[in-house]
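**Student:** Submitted below is the structure of interest, expressed as structure tokens.
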Amino acid sequence: MKAENIRLIEELSVDTLSKNIDLLIGETKPEGLIILACDENQYNLEQTNELLRNLSVPVFGGTFPGIIFGGKEYTKGTIIMGLEEKPQVHIIKNLSNLDKDEYPSSFQNFEQEANCKTVFVFVDGFSQNNSKLIEMLFISFGLEYNFIGAGCGSLSMNPTPCIMTNEGLLSDAAVIAGSKLNGAIGMKHGWQSIAGPIRVTGSEKNTLISLDFNPAYEVYKKIIEEHSGKKVNRENFTQLAPLYPVGITKLGTDKIIRDPVKIDEQGNIVFLGDIPEGTFIHIMATTPDDLINAAKEAMETGTNCKSKKSEDRFILFIDCISRLFLLEERFREELAVINPEGLPVAGTLSLGEIANNKKEYLELYNMTAVVGCFQ
Numbered sequence: 001m002k003a004e005n006i007r008l009i010e011e012l013s014v015d016t017l018s019k020n021i022d023l024l025i026g027e028t029k030p031e032g033l034i035i036l037a038c039d040e041n042q043y044n045l046e047q048t049n050e051l052l053r054n055l056s057v058p059v060f061g062g063t064f065p066g067i068i069f070g071g072k073e074y075t076k077g078t079i080i081m082g083l084e085e086k087p088q089v090h091i092i093k094n095l096s097n098l099d100k101d102e103y104p105s106s107f108q109n110f111e112q113e114a115n116c117k118t119v120f121v122f123v124d125g126f127s128q129n130n131s132k133l134i135e136m137l138f139i140s141f142g143l144e145y146n147f148i149g150a151g152c153g154s155l156s157m158n159p160t161p162c163i164m165t166n167e168g169l170l171s172d173a174a175v176i177a178g179s180k181l182n183g184a185i186g187m188k189h190g191w192q193s194i195a196g197p198i199r200v201t202g203s204e205k206n207t208l209i210s211l212d213f214n215p216a217y218e219v220y221k222k223i224i225e226e227h228s229g230k231k232v233n234r235e236n237f238t239q240l241a242p243l244y245p246v247g248i249t250k251l252g253t254d255k256i257i258r259d260p261v262k263i264d265e266q267g268n269i270v271f272l273g274d275i276p277e278g279t280f281i282h283i284m285a286t287t288p289d290d291l292i293n294a295a296k297e298a299m300e301t302g303t304n305c306k307s308k309k310s311e312d313r314f315i316l317f318i319d320c321i322s323r324l325f326l327l328e329e330r331f332r333e334e335l336a337v338i339n340p341e342g343l344p345v346a347g348t349l350s351l352g353e354i355a356n357n358k359k360e361y362l363e364l365y366n367m368t369a370v371v372g373c374f375q
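Read in order, the letters of the sequence shown are residues 1 to 375 in the numbering used here.
This is the structure:
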């Protein structure tokens, strides 16, 4: 994908978005569009739906807490990307209520497309079945394709229409797009264990209820207080919890990070992503240097494209919004290390990261840097 096919729109109106899409289509004749928008744009829903439904080409993407363009992060603005070949786009609605047996029928058309190289997956970050969807994708396709994508939504933690499709902006949904884009993907988180393993003795999807048969919040709170020297309560939980995610133990690979987002009315911990009962978890911590070094490691895998011509390559960087908050003024260092060659970069600051590289189990990650290089 050439640089001219990737454009940042900073003016916050649906009319301007529409004009820029028309301009991109007129100038580059794309066969499909990826749209990555900031939730803070506050696009008028009715106008946005009309725009998306009237597009002449397939579209997929979402709205996020932030986006990345070049070497900068944005909390307002939109990225549009023109695809040179037509993607296969599949929409899954009512994701939280969808039975797992229904998933494979949604994917069957992918098998008919022999040239599919990469599958993009964008999910509503607050849907209840995201981990199950990812599991069923892996069961259906194994290591056949590269996968990359993100959890969409708002930092308000309230469900909002956030999935971009030709049917409009959808909530509690996922969009899955098969593409002929070829490339490499790397992912790394940079977190280390400070406590564990601890057995999950009670959980329901993304809600952690008990650890070693004790209330999960009490166990978690004690560990954080001992490590940080600070008292933990409901009022400061959302400030301290991002510093101490949990890591789910996986055989032969890095721990899968889960980001705690709130305490529910029953005193249980709610995460972005499932915490399966019977698994073992660790309480994790990190430093800014470790986060930046992890992003560099992800880059070293993810930029291993076959084509060495810079004009043929671009980077898609899927990064967790929590990493921005943790790194603060050092976040630009992370953006620098993932792009040492100065390639075109587009990306998201997301509520969950989705990736595999044809070598590892497909996962829904949190607090992880995912670097994809495509050509």
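Glycine included, every Cβ here is placed at the ideal spot set by N, Cα and C. All figures in this text were calculated on a predicted structure; none of them were measured in a lab.
1. Quick check: the Cα distance between Lys306 and Pro245, rounded to an integer number of angstroms?
2. Please state if the CB of Asp264 and the CB of Thr207 are separated by a distance shorter than 8 angstroms.
3. Please work out which residues of its chain come closer than 7 angstroms, Cβ to Cβ, to Ser322, disregarding the five sequence neighbours upstream and downstream, and give them in chain order.
4. For Gly82, which residues of its own chain have a beta-carbon under 7 angstroms away from its beta-carbon, when the five flanking residues on both sides are left out?
5. Name the DSSP bridge partner or partners of Asp415?
6. Report the rounded CA-to-CA distance for Pro87 versus Asn44, giving the unit in angstroms.
7. Using the C-alpha atoms, what's the distance from Gln47 back to Ala285?
8. Report yes if the CB atom of Val123 is closer than 8 angstroms to the CB atom of Cys152, and no otherwise.
9. Closer than 6 angstroms by C-beta to Pro288: which residues in its own chain qualify, once you throw out the five before and the five after it? Chain order, please.
10. In or out: Ile224 buried (at least 16 other Cβ within 10 Å) or exposed?
11. Please return the same chain residues whose Cβ sits closer than 8 angstroms to the Cβ of Tyr361, not counting the five positions on each side in sequence.
12. Evaluate contact between the stretch 163 to 171 and the stretch 55 to 68, counting only Cβ atoms and requiring at least three cross-stretch pairs below 8 angstroms.
13. Just curious, the alpha helix (DSSP H) that Gly302 is in, first and last residue?
14. Leu243 by DSSP, collapsed to three states: which one?
15. Please give me, in chain order, every unbroken run of the alpha helix (DSSP H) with length at least 4 that falls completely inside the stretch 150 to 229.
16. Would you mind sorting Ala37 into buried or exposed? The rule is 16 or more other CB atoms within 10 Å of its CB.
17. Give me the Cβ distance between Ala174 and Leu95, rounded to the nearest whole Å; I'm assuming they're in contact under 8 angstroms.
18. Just how far apart, CA to CA, sit Val345 and Thr75?
19. Which same chain residues, not among the five before or five after Met1, have their C-beta less than 6 angstroms away from its C-beta?
20. Output needed for Ile80: all residues of its chain with C-beta closer than 7 angstroms, excluding positions within five of it in sequence on either side, in chain order.
21. Thinking C-alpha only, which one of Leu55, Ile68, Glu11 and Pro58 is nearest Gln42?
22. Could you check the C-alpha separation between Asn339 and Ala3 for me, to the nearest Å?
23. Within the continuous alpha helix (DSSP H) that includes Arg53, where are the two ends?
24. Does the beta-carbon of Lys221 have 16 or more other beta-carbons within 10 angstroms, so that it is buried, or is it exposed?
**Tutor:** For this structure:
1. Note that Lys306 scores 48 on pLDDT, short of 50, meaning its location in the model is unreliable; the coordinates nonetheless yield the value given after this. Their Cα atoms are separated by approximately 36 angstroms.
2. yes
3. Pro242, Asp259 and Met367
4. Asn5, Leu24, Thr28, Pro30 and Leu33
5. It is not possible to answer for residue 415, since the shown part of the chain is limited to 1 through 375.
6. 27 angstroms
7. 43 angstroms
8. yes
9. Leu327 and Arg330
10. buried
11. Phe138, Lys250 and Thr253
12. yes
13. Pro288 to Gly302
14. helix
15. 216 to 228
16. buried
17. 6 angstroms
18. 16 angstroms
19. Phe314
20. Arg7, Ile9, Asn20, Ile21, Leu24, Leu33 and Ile35
21. Glu11
22. 14 angstroms
23. Leu45 to Arg53
24. buried
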